[in-house]
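Numbering (the UniProt record's numbering), first residue to last: 1 to 93.
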């Protein structure tokens, strides 16, 4: 349908923007690993088993950020349910 109206859809645009703006340099290794698994690799058969241990680690991570940041503290556990849903969608694709 999108091609009929000459509308181009770039599903990887947001992930490229995250990378281009240097966001990945500010996150923990677990977050980088999950991002890579969900956005760059296509491993539907073992994706869930590779993501689950990382989600367990992320749910325990929190921390204070520098005073230069507009956010003083990060609680990553609140993102785990959304990441689980995204992982399920990637497995089913």
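Where a beta carbon is used, it is the ideal one built from N, C-alpha and C, also for glycine.
Legend entry - Touch test, the region 39-47 against the region 72-83, Cβ-Cβ under 8 Å, three pairs minimum: The region 39-47 vs the region 72-83: no contact.
Legend entry - Unbroken beta strand (DSSP E) run spanning residue 84, endpoints: Per DSSP, residue 84 belongs to no beta strand (DSSP E); it is in the alpha helix (DSSP H), 80-92.
Legend entry - Test item: CB-CB of residue 61 and residue 30 under 8 Å: yes
Inset, instruction - Please specify which runs of the alpha helix (DSSP H), each continuous and at least 4 residues long, are wholly inside the region 17-57, giving them in chain order. - result: 29-39
Legend entry - Per DSSP, the bridge partner or partners of residue 62: 75
Inset, instruction - Can you grab the Cα-Cα spacing for the pair residue 85 / residue 33, in whole Å? - result: 17 Å
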